[in-house]
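Input: a single structure, listed below in structure tokens.
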Amino acid sequence: MASTTSAGPPYPDLFREDGTCASSRAYEDNFKHNLMLQQWTGASTFKFPTRYAQTRFRTLQAKYFVDFPWLRYSLSTDGVYCAQCHLFSGPDSRVKTLVSSVLRDWSNIAKIVANHAKSEAHLANCDFADTFLSVMNGNQPDMMRKLSSQYNTLVKKNRQIMISITEAIIFCAKQNIALRGHDDDGGNFKALLSFQAKHDRVLKDHLTNGDPRSMYLSPDIQNELIGLCGK
Ligand SMILES: [Zn+2]
4 MASTTSAGPP
14 YPDLFREDGT
24 CASSRAYEDN
34 FKHNLMLQQW
44 TGASTFKFPT
54 RYAQTRFRTL
64 QAKYFVDFPW
74 LRYSLSTDGV
84 YCAQCHLFSG
94 PDSRVKTLVS
104 SVLRDWSNIA
114 KIVANHAKSE
124 AHLANCDFAD
134 TFLSVMNGNQ
144 PDMMRKLSSQ
154 YNTLVKKNRQ
164 IMISITEAII
174 FCAKQNIALR
184 GHDDDGGNFK
194 ALLSFQAKHD
204 RVLKDHLTNG
214 DPRSMYLSPD
224 IQNELIGLCG
234 K
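Taking my numbering, the leading residue of the sequence shown gets 4, the next gets one more, and so forth.
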């Protein structure tokens, strides 16, 4: 029975015949997205070239594309590379094989790809790739939006804390209550803040877990706020 043979991978060939990369590896986002997601389902029916390597003729086996879904084939070089590392490793990556150049050594391919799969660099690039795909698929806000939203939350929280602290100072001033006692810890101001914190989750968290360098509770800050309130 005649079987249909696959013409080649569905993704473009990124290497030239001399084994060098055909581009500067500065790919468009859509290109990266497609290269990672396009699996070569026809690999099992493709007629891979046979080459003499280490004592005998060898041919690349299609099973590697199933066992290692990140493996991509370059038609012009009859070599393979890792999509994730090719796309996401830096230009000064120490490892070149499978990253910026193809692997063509079929006598050692099993060992090389298995080691590559476990390598720290590959796992880190897979993490980058997963984040990239999540952003591309709209499942995760991009980093700038994420940072901006974290910043806005922090600003909002600090503003709320400052309002609570200022309200305590204004209350003491209106009632003619001294802000501080003989020591800074036992003053009316701090007692009032502790009372407010019973009904104010953000203030409570600030008083309990706040960064000691930015508590806004020192006599200097109190005096500054009193000065501002008086303006
Ligand atoms: Zn890799």
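Yeah, the Cβ is synthetic: ideal placement off N, Cα and C, and Gly gets one too.
- Within the DSSP bridge table, the entry for residue 62 names 53 as partners.
- For the pair residue 181 and residue 138, the Cα-to-Cα distance works out to about 54 Å.
- The stretch 84 to 101 makes no contact with the stretch 43 to 51; the number of CB pairs closer than 8 Å stays below 3.
- When distances are taken from the beta-carbon of residue 128 to the heavy atoms of ligand 1, the shortest one is below 7 Å.
- Going by DSSP, residue 88 is part of the alpha helix (DSSP H) stretching over 86 to 91.
- For residue 87, the distance from the CB to the nearest heavy atom of ligand 1 is below 7 Å.
- When rounded, the separation of the alpha-carbon atoms in residue 214 and residue 205 is 13 Å.
- Residues of the same chain with a CB within less than 6 Å of the CB of residue 57, apart from the 5 flanking positions on each side, are 110 in chain order.
- Shortest Cα-Cα distance from residue 27 to any of 90, 217, 156 and 120 involves 90.
- In the DSSP assignment, residue 204 falls within the unbroken alpha helix (DSSP H) covering 204 to 212.
- By DSSP's assignment, residue 77 forms a beta bridge with 82.
- Measuring C-alpha to C-alpha distances from residue 60 to each of 225, 108 and 133 identifies 108 as the nearest.
- Look at residue 73: its beta carbon is less than 7 Å from one of the heavy atoms in ligand 1.
- Judged by beta-carbon spacing, residue 38 lies beyond the 8 Å limit of residue 25, meaning their Cβ atoms are not closer than that value.
- The C-beta distance from residue 225 to residue 192 rounds to 6 Å, short enough to meet the 8 Å contact threshold.
- Under the three-state reduction of DSSP, residue 23 is assigned to coil, being neither helix nor strand.
- For the pair residue 47 and residue 65, the CB atoms are nearer than the 8 Å cut-off.
- Looking at the DSSP output, residue 106 bridges to 83.
- Distance from the Cα of residue 218 is smallest, within the candidate group 103, 123, 117 and 168, for 168.
- Of the residues 125, 21 and 160, the one whose Cα lies closest to the Cα of residue 102 is 125.
- Secondary structure at residue 71: coil, using DSSP grouped into helix, strand and coil.
- Under DSSP, residue 18 forms a beta bridge with 24.
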